[in-house]
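Structure first, commentary second.
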Amino acid sequence: MSRGRIARWMLEETGEPYETVLVDWTDKPTALLAANPLGKVPTIEHDGHVVSEAAAICAYCAEAFPAAGLAPTAAERAPYLRWMFFTAGPLEAAMMDKALGAEVPAAKRGMVGYGSFAEAVDTLEHAVSRAPYVAGDRFTAADVYVGSAVGWFTQFGMLDKRPAFTDYLARLWNRPAWVRAREIDDALMPAA
Numbered sequence: 001m002s003r004g005r006i007a008r009w010m011l012e013e014t015g016e017p018y019e020t021v022l023v024d025w026t027d028k029p030t031a032l033l034a035a036n037p038l039g040k041v042p043t044i045e046h047d048g049h050v051v052s053e054a055a056a057i058c059a060y061c062a063e064a065f066p067a068a069g070l071a072p073t074a075a076e077r078a079p080y081l082r083w084m085f086f087t088a089g090p091l092e093a094a095m096m097d098k099a100l101g102a103e104v105p106a107a108k109r110g111m112v113g114y115g116s117f118a119e120a121v122d123t124l125e126h127a128v129s130r131a132p133y134v135a136g137d138r139f140t141a142a143d144v145y146v147g148s149a150v151g152w153f154t155q156f157g158m159l160d161k162r163p164a165f166t167d168y169l170a171r172l173w174n175r176p177a178w179v180r181a182r183e184i185d186d187a188l189m190p191a192a
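Note that UniProt numbering numbers the sequence shown so that position 108 is 108, with each residue one more than the last.
What follows is the structure in structure tokens.
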């Protein structure tokens, strides 16, 4: 139940082999802290490079494994970057402020990257409804990240289940890599 699920889905989309290291939140391993002093999951190591932050992992893997076809074309690059980083920055900030009960006064909305919560949600709705995928007509790594956020926020009631969001998720959740990733992660969950 962490952002590690995003990295798992992205790695499954690449079709490349990978090793998973599970982390006990109460006793973070020295190797994780050496790679990422914040001790955050997900953190990946590839070819001697450390990459953390789920959006960065998605973008990195798309470029590192070009045969998977998850990187944007020249025509897709602008919306790919726009919506991936909108989701990682302004949208997540809006969602966390809402979850924490933080209210941004109307006069101070220009100071936050999302304006108001309603504006952030409406912008996300626009992103997922303008084409089948956020970068256009084709699934890319940006959909792994944006789709994970839409799924997470709707699952926990932070985001209304608007038709644009549920239609977008339906397209993503039929992907074999998403199904595999979910099954792997669900199997790792402790029995309730």
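Every residue, glycine too, gets a C-beta built ideally from N, C-alpha and C.
Asked                                                                                                    : Found
Three-state secondary structure (DSSP) of S129                                                           : helix
L70 vs E13 beta-carbon contact at 7 angstroms                                                            : yes
Which listed residue (S129, P90, R138) has its alpha carbon closest to that of G115                      : P90
Whole-number beta carbon distance between A35 and E45, since they are thought to touch under 8 angstroms : 6 angstroms
Straight-line gap, F165 to V104 (C-alpha atoms, nearest Å)                                               : 25 angstroms
S116 in three-state terms, based on DSSP                                                                 : coil
Status (buried if at least 16 other CB within 10 Å, exposed otherwise) for E63                           : exposed
Exposure of P176, with buried meaning 16 or more beta-carbon neighbours within 10 Å                      : exposed
Beta-ladder partner(s) of S52, from DSSP                                                                 : T43
L172 versus G113: straight-line alpha-carbon distance, rounded                                           : 27 angstroms
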